[in-house]
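Chemist:
Residue numbers (our numbering): 106 to 394.
(1) Considering only the beta carbon of each residue, do residue 344 and residue 236 sit closer than 7 Å?
(2) Between the alpha carbons of residue 199 and residue 367, how many angstroms are there, rounded?
(3) How many whole angstroms separate the CB atoms of residue 263 and residue 392, which I take to be in contact at a CB cut-off of 8 Å?
(4) Tell me whether residue 283 sits in a helix, a strand or coil according to DSSP, three-state version.
(5) By alpha-carbon positions, which one of 378, 371, 183 ends up nearest to residue 292?
(6) Leaving out five residues before and five after residue 214 in sequence, what residues of the same chain have Cβ atoms less than 6 Å from its Cβ?
(7) Inspect the CB distances between the region 272-287 and the region 295-313 and report whether three or more fall short of 8 Å.
(8) Measure the alpha-carbon distance for residue 321 versus residue 333 and round it to whole angstroms.
(9) Over the uninterrupted alpha helix (DSSP H) stretch that includes residue 241, give me the two end residues.
(10) Sort 182, 191, 389 by Cα distance to residue 289 and report the nearest one.
(11) Is residue 226 buried or exposed, if buried means 16 or more other CB atoms sit within 10 Å of its CB?
(12) Can you name, in chain order, every residue of its own chain whose Cβ lies under 6 Å from the Cβ of residue 353, other than the five neighbours on each side?
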């Protein structure tokens, strides 16, 4: 369940549009009640002309929302790790073994909206091109658009939150039950991401080091050209890792202190995943007791 500051319960019910309307109402309430408070956000400021072009005013974060009790339906899980640290691969394995999860990737959602040039996508694009983090309220809008808010459905969120302030805002809306932290050496990540090429329409990913396409530069299934994302180029990779270290790494301490985080070290997903699976199973077992 999701709770408003007035104590009214908003269920993750079958009609997702009702759930979306409810969450938008919560955000609207938070924005109006926190207008006099300073925003706790990791997004660096962008020129007012860029924001004006994006078409939506920036809003405060959700510091005024309160949760009186955790949601009772399903489990809410996060997966943390540096960009290119294997979050997507591990998430796919989790979904295969735990089909009760719905997977939400903030990065995939952002790229989809940017590619489709939605209003949210245009605004996000201005921040991404500037190498800045997308503001909190915009990401919550994207999550609301994409989430299947069915009663009893567990959620696996990848790529958000990125700061302690965002984590605190998220905790006011839902109770986080488990956090998977993937620890991969920086040099491995730079090499891995810089060598990554994708088929944009399908999201299929290739690496010329360990998963090359059958024909150079072409997707195995469609034969269409592969592209390298702008944020996968070496200079962008370094910038993203620096941003992660500054803003996201403190999340490990935050969730560790809450007793919901487990770290998994390694470079190969096939080696890491059995330990992840065992731990997730244990968290579900604990939740049933």
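Beta carbons are placed, not taken as given, at the ideal position from N, Cα and C, and that holds for glycine.
Modeler: Taking the definition as stated:
(1) Contact flag set, yes.
(2) So the alpha carbons of these two residues sit roughly 15 Å apart.
(3) Rounded, the Cβ-Cβ distance is 20 Å, inconsistent with contact.
(4) In the structure shown, residue 283 adopts extended strand secondary structure according to DSSP, grouped into three states.
(5) Comparing Cα positions, the closest option is 371.
(6) Once the five neighbours on either side are set aside, the close Cβ partners of residue 214 are 247, 251.
(7) The region 272-287, when compared against the region 295-313, does not touch it at the 8 Å Cβ threshold.
(8) Spanning the alpha carbons of residue 321 and residue 333 requires a straight line of approximately 13 Å.
(9) Its alpha helix (DSSP H) spans residues 241-251.
(10) Considering only alpha carbons, the answer is 191.
(11) Classification of residue 226: buried, given that the 10 Å Cβ count is 16 or more.
(12) Excluding residues up to 5 positions away in sequence, 267 lie with their Cβ nearer than 6 Å to the Cβ of residue 353 in the same chain.
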